[in-house]
Structures are given as structure tokens and as C-alpha cells.
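Residue numbers (this note's numbering): 16 to 455.
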RNA sequence: GCGGGGAUGGCCCAGUGGUACGGCGGCAGCCUGCUAAGCUGUUUCUCUAUGAGAGCGAGGGUUCGAAUCCCUCUCCCCGCGCCA
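Given below as C-alpha cells:
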């Protein structure tokens, strides 16, 4: 949620931010239309309530001195009738106004490229050595703006869909039989690889000052709606039928909401949390995309970075959490690029977002494996998470970035580390966690 | 699931129908060489605001007037039941 006062003081800043994202003017226009009426209702109500309070006090005195308060009571009654009418109207107007308010997006950071469509995300940097099939070279060069380091390969690596079947490390058909598309049974060494990745990522982030937290896997509507936006509800979330509960789509949500309505001691900040949880996603907006394999699935595990910090530090922390994931991916020997996501592809919450995209040699392209967002005070305001300062309580800034999402990283490993024998090599850093060096 | 107890400002706590007491902490000021102590004020949200209003877990109700009485709900604690 944005700051109402700031919106009233400088509407043009918000109009401009919305426009760059491809939003219309209707949310902000709607807000102002209703806010004006709301403020006028508040003024009138306050005056009427004062009348009632004064009359009531008078009645108290009359009763004490043994007089007859009936006349004054009648006056209060008529004031009260007026008050309830205005109150009903105020409630209505306020609800409608706040609906508009909740749709107004965060202010963009100045460095966000103004465009729409993922193809217009701005290339930031590349790291690693990509194995590139010759037919993909042109695409690779263009996606890395000539900065990509690569090794040409003669044949396109096998897709992970084929590999998992050949090596008998996942069963998608039977998962489809019992749960539908985009579900999977993992088997044998792929199960251990998943656990190894989780443990590796937790250790990696713990060493960088993050506290590991395993949150509830379901959340109530109210805290969840204060953590994310309506689009996420529509597209990502599973609802539990008989309870007011939603399956979490990411531990960002319970971790963020964990501190809602709290006032933090400034000495506690920054708070770095590594959330570890399964993530449940409907993938409602993804029909037809990545329909095979385990690249895009309805549940997976994710180790997530989340930071609560002082506002003046958040842009530094945004770079820090981005670097953390880059270092982690690099330690797994995976080539990747970082892009600055353009204005039209950001969520309402994001002031700025980097995507980290790994190279998938069989697909011949980069695909998103992590998403690093600075939500500034937008999320903290609706969650009401503040910290004490000498000048009063201020909202913290919140940031989040994927540390590691298991299914995507497994696909990444399967597609990047195929050997000539058709086995999968385990990256060096992971071997202490898997206990084996390849999947055969 | 059943029974009992509870939720009051940043924190602690008083308050059985008359408009929220007090303490701690924070901040500002005063004061005595310094410090400590002490004294005074302040402390949440809303309203174009020298003034007002709201706010006692949430939402309803009774009343001229509700932290206080009634109803529904949420969460916490204790006991019982059930349970991996």
C-alpha cells in the first residue's frame, strides 16, 4: 500500500509511476474522487460527535443535580440519527476508496527501464561459462549483449524431461494420474539431490547472517492480503475449502507477515531471514507454457531470502541479496545473467526487481531461477511493520530474493552437467551434501 | 472439541455505566562544576488543525453516555478430551 498523505501531496509522482507500468489513471482518479467525499464526511462527523459528547456531559450534570434530562436526551437522539447516517456512508466510501488505494502501485526506482514485455528487460551482467549449441549462439550473444563467455557444443543436450525418464529419477505419468499435470514423483538420487540443494542453500545463507526459518505452510486471508496483491491471489494461490486458509506460494508471505503490527527496536535491524518451505502455485496464467517435465510445477521447495531494514539501507541490501544468489548459483557452476526487469513486468509491490536467469543449454536460452525485489515501504505499510526512531515510528523496507528453488535448480543441473556417458555430474560444492558424485 | 482465565498506548498495569489512573522506557526542556538523581512537558491514529474526533483484541447490540453490561468471533494461558 502506498502512503495516502504522500499521494495527496504529490499525485503526479504516482500518476507517472502508474503510467510507466502501463496502468491507467482510473485507480488514482477514483481514489481522489472518494477521498474528497470521505474527508468532508469526517469533518461533519467530528462536529456532530462533539455535539453529542457535550450533550451527554450536560445530561450527567442534570441527573446529578436532580433535574429532568428528557429534553436534552431528545436532542442527542436526533444528533445520533444524523451520525449513524453519515457513519454508514463514511464506511461505504472508505471501503471503496481503499479498494482503489490498494490498486495503486509502488513508486518506481529511477533505474527501472520503462517498457513492457520481458524481452525488454535490461541486461545487467553475465557470469560463468555457458555450453552453447551452435544454432543457439546468435541468441546467446544477443541475450548477453556480447558479454557472455561460452563453449561451443556440437549437439544440443538432452532435455531434462527425457533425462529424468531415462534415468528413472522421476515419474510424471503416475503423478498426473493422481494429481494432474505439473505434479511429479521424484525418485532415487533426485530425491537426495533435492534435499542436498535445500541444505546447501540454508548453510550458504546462514554463513551470510541469515536466520533459517521454516514458516507455516498455510495462511489466513487477512495477513496474506496485507503481504501481497490481488494478482497473486488470482493466479498463484490455492484456497483450502473449509477453512479461511491459503497454501503459501512462497515463504516470502509468511515471513513478511510474521512481524506484522510490530514495532521493532532499531538495534534489531537489519533482520535477515532465510525462509525454507514448500511453495504451492496454481500457475493459472501459464497455460501451455513449460507443460512437460518439472520446470514449472504446482509445488516445489524454495529457500528464500527476506530482509527487513531501515529505508536508507534498502538499496544496498537489494544489491546484497542479488549478489548472494549470484554467488550461490556461481558456486554451483551454473552460468547466468542478471536483468533489470522493466516497468511493465513488475508487480504493484516492486519498486525495482532483478531477475537472475540461468542458462539452459537444451532450451538454448536463459530462464528465470531467482527474482530479487525491493518493495521499499509498500509491503511494510500494509503489514504495519515499523521501527522506533527519535522522530517517531517509521515503516521498515522489505526485500526478498529467491535463494534457491529446488525444481528449477534440478532442471538446471540436469541440463548443464550431462556427461558423454549420459549421466549427470553433481557440482563439486554439492557433493558433501548429496554423498554421491553423479546421477546414473 | 469441552470447561475456566485473559487481551487497555512502545512496555507494564489500574479502572463494575459519566468520557483512560499510575509506573517504566523514549524524546524535549529545566536545574545543580560534569555525571547520576530530581523537576516539567511530551509520547497512537484521523481531520486544511491555536481546535476537535477516534482509540481499551475484532465486529455487532443495549444506553443520553460503554474499557465497564449483552451477543458473535479471533488469539493467548491453564485443565480435560482427541491425536502424528
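Glycine included, every Cβ here is placed at the ideal spot set by N, Cα and C.
Fill in: CA-to-CA distance, residue 252 to residue 233, given in whole angstroms
10 Å
Worksheet item: On the three-state DSSP scale, how would you describe residue 273?
Response: helix
Worksheet item: Could you give the distance in angstroms between the alpha-carbon of residue 103 and the alpha-carbon of residue 392?
Response: 31 Å
Worksheet item: How big is the Cα-Cα spacing for residue 165 and residue 158?
Response: 13 Å
Practice prompt. Compare the C-alpha of residue 202 against each of 279, 178, 196 and name the closest.
Written response: 178
Worksheet item: Going by the CB atoms, is the gap between residue 318 and residue 228 shorter than 8 Å?
Response: no
Item to complete: Figure out for me which residue from 131, 81, 379, 87 has the closest Cα to the Cα of residue 69.
Response: 87
Fill in: Touch test, the region 432–451 against the region 303–319, Cβ-Cβ under 8 Å, three pairs minimum
no
Item to complete: Taking 8 Å as the cut-off, decide whether the C-beta atoms of residue 321 and residue 284 are in contact.
Response: no
Worksheet item: In its own chain, which residues sit with a C-beta less than 8 Å from the C-beta of residue 150, not counting the 5 before and 5 after it?
Response: 171, 379
Worksheet item: Using DSSP with H/G/I as helix, E/B as strand and the rest coil, what is residue 167?
Response: strand
Worksheet entry | Residue(s) in a DSSP beta bridge with residue 396 | Answer is none; residue 396 lacks a bridge partner.
Worksheet item: Contact check, residue 345 vs residue 163 under 8 Å by CB: the rounded distance?
Response: Not quite, the Cβ-Cβ distance comes to about 14 Å (not below 8 Å), so this is no contact.
Fill in: Strand pairing of residue 290, partner residues [DSSP]
228, 319
Worksheet entry | Distance between residue 97 and residue 328 (C-alpha atoms, nearest Å) | 49 Å
Worksheet item: How would you call residue 354, buried or exposed, if buried means at least 16 neighbouring beta carbons within 10 angstroms?
Response: buried
Discussion item. Pull the bridge partners of residue 408 from the DSSP assignment, please.
Written reply: 403
Practice prompt. Under 6 Å Cβ to Cβ from residue 373, same chain only, skipping five residues before and after it: list those, please.
Written response: 349, 351, 384, 427
Worksheet item: Which residue or residues does DSSP assign as beta-bridge partners of residue 387?
Response: 369, 416
Fill in: Distance between beta carbons of residue 278 and residue 403, contact taken as under 8 Å
6 Å
Discussion item. In the DSSP assignment, the alpha helix (DSSP H) including residue 249 goes from what residue to what residue?
Written reply: 245–250
Worksheet entry | Pairwise C-alpha distance: residue 60 and residue 66 | 10 Å
Item to complete: Tell me residue 433's beta-bridge partners as DSSP assigns them.
Response: 439
Worksheet item: DSSP three-state call for residue 107: helix, strand or coil?
Response: helix
Worksheet entry | Close-in-space but distant-in-sequence residues of the same chain around residue 191 (CB under 7 Å, 5 per side omitted) | 198
Practice prompt. Throw me the rounded Cβ distance for the residue 242 and residue 271 pair, which I believe falls under 8 Å.
Written response: 5 Å
Worksheet item: So is residue 282 buried or exposed if we call it buried at 16+ other beta carbons inside 10 Å?
Response: exposed
Worksheet item: What residue range is occupied by the uninterrupted beta strand (DSSP E) comprising residue 354?
Response: 351–355
Discussion item. Please report the distance separating the alpha-carbon of residue 146 from that of residue 309.
Written reply: 21 Å
Worksheet item: Whose C-beta lies closer than 7 Å to the C-beta of residue 244 among residues of the same chain, with five residues either side of it excluded?
Response: 362, 363, 364
Worksheet item: If you check the beta carbons only, do residue 366 and residue 124 fall under 8 Å apart?
Response: yes
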